[in-house]
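**Q** My questions all concern the structure below.
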Amino acid sequence: MSKLSDKMNKRVAALTPSSILTFNQRVSKIPDIVKLTLGEPDFNTPEHVKEAAIKAINGNESHYTNSRGTLGLRKAATNYLNKKYGVQYDPESQILITAGATGAIYSALTAMLNPGDTVIIPTPIFPLYIPIAMLGGAKPIFVDTSDNGFILSPEKLEQVIEENKDTVKAVILNYPTNPTGVTYHREDLQKLADVISKYDIFVLSDEIYSELTYDGTHVSMGSILPEQALVMNGVSKSHAMTGWRIGMICGPADVISEIGKVSEFTITSATTNAQAAAEEAFKNGMDDAAPMRKEYMKRRDLLIDGLSKAGFSCLIQMVLSIFLPKFRLA
Numbered sequence: 001m002s003k004l005s006d007k008m009n010k011r012v013a014a015l016t017p018s019s020i021l022t023f024n025q026r027v028s029k030i031p032d033i034v035k036l037t038l039g040e041p042d043f044n045t046p047e048h049v050k051e052a053a054i055k056a057i058n059g060n061e062s063h064y065t066n067s068r069g070t071l072g073l074r075k076a077a078t079n080y081l082n083k084k085y086g087v088q089y090d091p092e093s094q095i096l097i098t099a100g101a102t103g104a105i106y107s108a109l110t111a112m113l114n115p116g117d118t119v120i121i122p123t124p125i126f127p128l129y130i131p132i133a134m135l136g137g138a139k140p141i142f143v144d145t146s147d148n149g150f151i152l153s154p155e156k157l158e159q160v161i162e163e164n165k166d167t168v169k170a171v172i173l174n175y176p177t178n179p180t181g182v183t184y185h186r187e188d189l190q191k192l193a194d195v196i197s198k199y200d201i202f203v204l205s206d207e208i209y210s211e212l213t214y215d216g217t218h219v220s221m222g223s224i225l226p227e228q229a230l231v232m233n234g235v236s237k238s239h240a241m242t243g244w245r246i247g248m249i250c251g252p253a254d255v256i257s258e259i260g261k262v263s264e265f266t267i268t269s270a271t272t273n274a275q276a277a278a279e280e281a282f283k284n285g286m287d288d289a290a291p292m293r294k295e296y297m298k299r300r301d302l303l304i305d306g307l308s309k310a311g312f313s314c315l316i317q318m319v320l321s322i323f324l325p326k327f328r329l330a
C-alpha cells in the first residue's frame, strides 16, 4: 500500500466500490451465464446511428465541442423530448449534454449540495445517488416504499420534508424504477408535485428508462413541475447505447448554468463523435426502442409465467423495468 493512501479525501475513503459492478465482474467469468445484473440492453446500436458516428469520424469531427454539447444535439434532444413527452426546453439554455446519465446525476448533485444538506431517496433504488450525495457532504434520507407498491406516497414525502425542512435540498425520483420496475403515473406525479411545490427544493427525476414503459405512457416530471424539476435522460436504454456515454439534464436555465460549471470542469465536453451519433438517434430514431420493448415484454411475460409455475407470486406484473421483477414466495 502506498504511504500516501491515508492522505486521500476522507469522504472518498469512506466509500466502498460499487457492489453492482463488483458482482457483475465476478459473475461475468462464469461460462454461458445469463446475466440479469446491469441495465444493459442486449441489442446493438441501430445501424443508422453507427453510420452517423462513422461519418463524423471520417469528417474529422474530433475536436472539442461546446461544453454544453453541440447545438445540433441539443436541438435534436429537446425536440425528441417535446414530441415524446410534451416537455419544452430551450436548446440554448435549458439542456446540458453529459457523459451518460451518470454524469448528469454527478454534476447536478455536486452543483446543488453543501455539507449538512439532506437528500430524500425513496428505496429500493439504484444506489448511485447515495455515494455522490455523500461525496458532497450531504446525508441521504431513505424512505421505504415497500408498503405502498414501491411508490413514494405524497403523505410520506411531506412528513419527511417537514421533519427535515431546514436541511432538505432535493428529492430523487427514478422511474421506471431500477430495480423494482414500477413507474409513476400522472396522478402519482401530480400529488408529489403538489407537495414539492410548497417547498424550495429540487426534484431530480431520473427518467433514463422512459422508453421502456410497457403498460401505459411515460409522463415526465418536467411537464408537471418545470420550475423545480431537473430531468435526466439519455440514449443508453432507448437506443442501446450504454457504451457511448451520452446523457442529458434539462431544467430551469439558471440552474442548468450552474450545473454546467461542474460538468465543464469535470469532462470539458462529451465525446464529439458520440454526440453526432446521439443527434442521429434523436432525429431519426424516434421509434428505435419499439422492437426492444416488444422483445423485453415477451421476456417479462415468460419470466412471470415461469415464476408463477415455480410457486412464486410476482408483486410487479403491470410495469417492469427491463430485467428485474420483485417477487415473494406464494
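Residue numbers (UniProt numbering): 1 to 330. Think of the CB as a built atom: it goes at the ideal place given N, C-alpha and C, for glycine as much as any other residue.
So what does DSSP say about lysine 298, is it helix, strand or coil?
**A** Note: lysine 298 maps to helix in three-state DSSP.
**Q** Please work out which residues of its chain come closer than 7 Å, Cβ to Cβ, to glycine 251, disregarding the five sequence neighbours upstream and downstream, and give them in chain order.
**A** Result list for glycine 251: Gln94, Ala229, Leu230, Val231, in chain order.
**Q** I need the boundaries of the beta strand (DSSP E) containing leucine 38, first residue and last residue.
**A** Counting along the chain, leucine 38 falls outside any beta strand (DSSP E), and DSSP gives it neither H nor E.
**Q** Note down the Cα distance separating glycine 39 from serine 238, rounded to an integer number of angstroms.
**A** The alpha-carbon atoms of glycine 39 and serine 238 are separated by roughly 12 Å.
**Q** Quick test of the definition: if touching needs 3 or more C-beta pairs under 8 Å, does the region 253-266 touch the region 215-223?
**A** With a cut-off of 8 Å, the region 215-223 and the region 253-266 do not count as touching, because too few Cβ pairs lie within range.
**Q** What span of residues does the alpha helix (DSSP H) with valine 255 cover, start to end?
**A** Looking at the DSSP string, the run of the alpha helix (DSSP H) that includes valine 255 is 253-267.
**Q** Jot down the residue ranges of each uninterrupted alpha helix (DSSP H) in the region 103-142, minimum 4 residues, whole runs only, in chain order.
**A** Here the runs fully enclosed are 129-135.
**Q** Counting Cβ pairs, one atom from each stretch, are 3 or more of them under 8 Å apart for the region 86-100 and the region 152-164?
**A** They do not touch, by the three-pair rule.
**Q** If you follow the alpha helix (DSSP H) that aspartate 200 is in, where does it begin and where does it stop?
**A** First-last for aspartate 200: undefined, no H or E at that position.
**Q** So is glycine 86 buried or exposed if we call it buried at 16+ other beta carbons inside 10 Å?
**A** By the neighbour-count rule (16 or more Cβ atoms within 10 Å), glycine 86 is not buried but exposed.
**Q** Helix, strand or coil: which one does DSSP assign to serine 149?
**A** Just to set this straight, residue 149 is glycine in the shown sequence, not serine. Coil at glycine 149, not helix or strand.
**Q** Under the rule that 16 or more other beta-carbon atoms within 10 Å means buried, what is valine 12, buried or exposed?
**A** The residue is exposed, with fewer than 16 neighbouring Cβ atoms inside 10 Å.
**Q** I need the straight-line Cα distance from leucine 21 to proline 127, nearest angstrom please.
**A** Approximately 11 Å between the Cα atoms of the pair.
**Q** Quickly, what does DSSP pair residue 359 with across the bridge? List them, please.
**A** For the chain, the structure presents residues 1 to 330; residue 359 sits outside this window and is missing.
**Q** Around the C-beta of valine 235, are 16 or more other C-beta atoms found within 10 angstroms, so that it is buried, or is it exposed?
**A** Result: buried.
**Q** Do threonine 272 and serine 107 count as a contact pair if the criterion is CB distance below 8 Å?
**A** Their beta carbons are not under 8 Å apart, which means serine 107 does not touch threonine 272 by this criterion.
**Q** Taking the C-alpha atoms as reference points, what is the distance between asparagine 114 and aspartate 6?
**A** Straight-line Cα distance between these residues: approximately 24 Å.
**Q** In its own chain, which residues sit with a C-beta less than 6 Å from the C-beta of valine 168, not counting the 5 before and 5 after it?
**A** Around valine 168: Thr118, Ile161, Ile201.
**Q** Please tell me whether alanine 289 and isoleucine 246 are closer than 8 Å, where the distance is taken between their beta carbons.
**A** Taking 8 Å as the Cβ cut-off, alanine 289 and isoleucine 246 do not qualify as a contacting pair.
**Q** If you compare alpha carbons, which of Tyr129, Val27, Ser67, Leu192 is closest to serine 269?
**A** Answer by Cα proximity: Ser67.
**Q** How would you call proline 31, buried or exposed, if buried means at least 16 neighbouring beta carbons within 10 angstroms?
**A** It is exposed - the Cβ of proline 31 has fewer than 16 other Cβ atoms within 10 Å.
**Q** Go ahead and label methionine 318 buried or exposed: buried means 16 or more other beta carbons lie within 10 angstroms of its beta carbon, across all protein chains shown.
**A** Caution applies to methionine 318, whose pLDDT of 45 falls short of 50 and renders its modelled position unreliable; the model cannot decide the point.
**Q** When you compare only the Cα positions, how much space is there between leucine 302 and tyrosine 296?
**A** Going by the C-alpha atoms only, they are around 10 Å apart.
**Q** Are the Cβ atoms of histidine 185 and glycine 136 separated by less than 8 Å?
**A** Contact flag unset, no.
**Q** Return yes when the Cβ of phenylalanine 282 is within less than 8 Å of the Cβ of alanine 77, no when it is not.
**A** In contact: alanine 77 and phenylalanine 282 (Cβ atoms closer than 8 Å).
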